[in-house]
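**Q** Here the sequence shown stands for residues 2 to 251, numbered as in this note's numbering.
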Amino acid sequence: MRYFVDEEVLEFLVSRGAGCANSADHLLLTRTRALQAIREKSLTPDPTFTDHLCTAPGLTLARMLAILDVPDAARAARWPVPDLREVNPAFTRQFIRQVQVSDAFHQCRCALAPCAPELLTGPPVLRSRILPDRARTVLSATNVGAESPPETLLRLVLADLAPGLRTQIPVFRSNGKLLTSADMGWSDQAVYIFYDGEHHQLSEQRDHDSEVLAELQRNGGQVFRVTAGQLKTVAEVNKLREMVGDALGL
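(1) Residues in the same chain with beta-carbon distance under 8 Å from M2, minus the five sequence neighbours each way, listed in chain order, please.
(2) Taking a contact to mean a Cβ-Cβ separation below 8 Å, would you say L157 touches M185 in this structure?
(3) From the DSSP output, in three-state form, read off P48 for me.
(4) Exposed or buried, what is F50 when buried is set at 16 or more other beta-carbons lying within 10 Å of its beta-carbon?
(5) In the structure shown, what three-state DSSP assignment does T153 receive?
(6) Under a Cβ-count criterion, where at least 16 other Cβ atoms within 10 Å of its own Cβ denotes burial, should F92 be classed as buried or exposed?
(7) Measure the C-alpha to C-alpha separation of G250 and S149 and round it to an integer number of angstroms.
(8) Count Cβ pairs between the region 236-249 and the region 74-89 that sit closer than 8 Å; are there 3 or more?
(9) Please name the residue or residues paired with E12 in a DSSP beta bridge.
(10) Give me the DSSP bridge partner(s) of F195.
(11) Report yes or no: do three or more beta-carbon pairs, one from the region 165-184 and one from the region 212-219, lie closer than 8 Å?
(12) Could you tell me the boundaries of the beta strand (DSSP E) in which S169 lies?
(13) Under 7 Å Cβ to Cβ from T143, same chain only, skipping five residues before and after it: list those, please.
(14) How is the beta strand (DSSP E) around T181 delimited, first residue to last?
(15) Report the CB separation of A63 from L121 in whole angstroms; it is logged as a contact under 8 Å.
(16) May I ask which residues mark the beginning and end of the alpha helix (DSSP H) holding K42?
(17) By how many angstroms is the C-alpha of R17 removed from the C-alpha of D52?
(18) Cα separation between V88 and L232?
(19) Is the separation between the beta-carbon of A183 and that of Y193 shorter than 8 Å?
(20) I'd like the list of long-range same chain contacts for P58, defined as Cβ closer than 7 Å, with 5 residues on each side in sequence excluded.
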């Protein structure tokens with residue numbers, strides 16, 4: 002989870018009888034009787050260091066979701082997301098972070114689709130911290146095409162407007178060459194959504210964005226470029242939903 006915030010903890014699984022304690026604030030030592038079984042299914046990310054083992058993907062994601070399920074005031078301060086329960090009762094801050102983590106986890110593993118809930122397994126002492134229903138809900142909301150946490154949030158607040166929302170929609174030049182990919186949208190209705198991070202303020206990126214806009218509008222497309230400010234509050238999110246809904250003819 003340090004991908005999202007540097008201050009997130011780094012978890013190590015240790016044996017129940019380990020005579021060690023957390024030596025730093027950024028470490029979390031979790032004791033388990035099932036360490037040997039976990040080792041047997043672990044991965045070696047770097048063949049140069051064969052003693053460096055990482056937990057299997059299903060257990061890793063399950064642990065991240067479980068940790069995020071516990072309210073933490075310090076995490077809320079360093080990893081801010083809006084409380085959007087007025088938009089959708091399921092959109093608690095914990096749930097939004099969990100989907101962001103799941104999206105990024107599947108993205109970095111080049112997954113073609115979200116994993117099945119039964120893969121989020123591990124020894125009972127570890128697995129019990131996340132309820133199966135919550136895991137299924139998070140995975141059902143996961144999209145492997147999300148390339149950043151803000152894109153995940155943007156997709157969550159728009160996905161229920163109309164069926165058929167897709168991510169990473171290719172945009173081609175008139176000569177047939179790929180120009181870019183829209184972050185998400187409804188291609189059958191020619192409605193395209195882009196999330197504009199800070200790099201979109203650079204002149205070279207602005208020129209590229211203008212070319213993308215012209216190409217999509219040339220074919221009758223409607224384009225929305227969304228910034229962080231439009232995802233900060235319920236009022237801003239509802240305003241965005243209304244604009245996109247109008248484009249979809251709702």
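Even glycine gets a Cβ: it sits at the ideal position worked out from N, Cα and C.
**A** So, from the listed chains and residues:
(1) E9, V10, M65, I68, L69 and V102
(2) no
(3) coil
(4) exposed
(5) helix
(6) buried
(7) 28 Å
(8) yes
(9) L29
(10) R226
(11) yes
(12) Reading off the sequence shown, one finds Gln at residue 169, where the question assumed Ser. Here the beta strand (DSSP E) through Q169 covers R167 to F173.
(13) V100, S103, D104, H107 and P115
(14) L179 to W187
(15) 4 Å
(16) Unbroken run through K42: none, as it is neither H nor E.
(17) 20 Å
(18) 12 Å
(19) yes
(20) R110
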